[in-house]
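Numbering (this note's numbering), first residue to last: 85 to 462.
All residues carry an ideal CB built from backbone N, CA and C; glycine is no exception.
Worksheet for the structure shown next.
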């Protein structure tokens, strides 16, 4: 032993080096984990990223402010709207722009719909990582109906570019609210089937309970945020602690657990998904029928923001997501930094939790951390 860790000698033939990823059904995107195993037990894990780097931050610094939006939504494909909000709000903060009331409600609706789509994709991935592909087909299929709603609302299914500086691009189409309410009913019905088939399944419980246990002390040590932190008992939800858009006027409950394992994270996200359905229902009832959706803005192609700096954060399904932006008074940002939860969760935390588990449990552990590699490769 050296520094509390086993000395690994691959020449002894006791240990074997394996790679899981970067192209592997048990990896959450384009990243890889270098494993040292003893039999089927993992004794060392090292994450490798860099397969998906697209230099989002530097590209934004070379474009006018409005031209950044086709870029930022690609930082996290399953949940692009959190990026759109943070960048819009950062620009508005620097420029001193007040967003109209109706636009704030539409932004809140957009963000909660995005959470629903992201959680449905995660739920399918968690089930698939444990061999329950049918549940994955159910949830991914249901997510497709939510993408239909996004297409009606924004014109795009995956990348929406709906939130722009000063407000949003368009209002809700005729009949949208009724169609959304109907889809909420269908989604709840599916989730009860998922609960009975997946979360209440004795085999699933035996696989996830006790896997990847995180303590409250580790939350500060590793910088853990979002549902992973709340599953340890830590009360951290930006929608409640630092309300933005219209969250301060909504009944957002702090959902927590105290167990801290992979099953606690799954169960908490399931409850959070139900809460998002409740919030969308409330928002649909409260969006004003009339009023502006865009503040008075100059020509955005020639828009110059006063010099300054700001940091804007929001609560994604992974936790705190934020943008630090610096303006030098020109028509382009001087510096942009994107902060995503996946960097901490997928790099340092995964390496810690993977030790002493079975190879067959690694996929389930990775999905329980809900990492998004594009968020790392910014």
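Neighbour-count burial assignment, residue i, 16 or more Cβ in a 10 Å radius
i: residue 421; result: exposed
i: residue 104; result: buried
i: residue 337; result: exposed
i: residue 349; result: buried
i: residue 452; result: buried
i: residue 345; result: buried
i: residue 117; result: buried
i: residue 220; result: buried
i: residue 291; result: buried
i: residue 373; result: exposed
i: residue 370; result: exposed
i: residue 313; result: buried
Length of the line joining the Cα atoms of residue i and residue j
i: residue 418; j: residue 462; result: 16 Å
i: residue 425; j: residue 405; result: 6 Å
i: residue 85; j: residue 109; result: Residue confidence is low: residue 85 scores 48 on pLDDT, short of 50, so the model does not pin down where it sits. Its coordinate-derived value is still stated next. Between residue 85 and residue 109, the C-alpha separation is close to 34 Å.
i: residue 299; j: residue 436; result: 12 Å
i: residue 428; j: residue 306; result: 7 Å
i: residue 253; j: residue 411; result: 24 Å
i: residue 287; j: residue 210; result: 14 Å
i: residue 431; j: residue 131; result: 6 Å
i: residue 154; j: residue 242; result: 12 Å
i: residue 277; j: residue 204; result: 13 Å
i: residue 328; j: residue 319; result: 17 Å
i: residue 120; j: residue 275; result: 38 Å
i: residue 127; j: residue 446; result: 12 Å
i: residue 161; j: residue 111; result: 16 Å
i: residue 234; j: residue 98; result: 53 Å
i: residue 388; j: residue 171; result: 15 Å
Identity of the residues DSSP links to residue i by a beta bridge
i: residue 197; result: In DSSP, residue 197 forms no bridge with anything.
i: residue 392; result: 411
i: residue 417; result: 411
i: residue 100; result: 121
i: residue 126; result: 121
i: residue 251; result: 248 and 378
i: residue 422; result: 407
i: residue 397; result: 406
Candidates the options, of which the one nearest residue i by Cα
i: residue 439; options: 129, 107 and 122; result: 129
i: residue 185; options: 314, 269 and 330; result: 330
i: residue 353; options: 173, 202, 284 and 123; result: 202
i: residue 334; options: 323, 340 and 134; result: 323
i: residue 478; options: 328, 119 and 135; result: Residue coverage of the chain in this structure runs from 85 to 462, which leaves residue 478 outside it and unanswerable.
i: residue 378; options: 225, 408, 343 and 189; result: 189
Looking at C-beta atoms only, is the number of pairs between the stretch 174-188 and the stretch 241-260 that lie closer than 8 Å three or more?
yes
Do three or more CB pairs link the stretch 195-207 to the stretch 227-237 at distances below 8 Å?
With contact defined as three or more Cβ pairs closer than 8 Å, the stretch 195-207 and the stretch 227-237 are in contact.
Inter-stretch contact at 8 Å, needing at least 3 Cβ pairs: the stretch 387-404 / the stretch 159-167:
yes
Stretch-stretch touch, CB-based, cutoff 8 Å, three pairs: the stretch 233-242 with the stretch 351-366:
With the cut-off at 8 Å, the stretch 233-242 and the stretch 351-366 do not touch.
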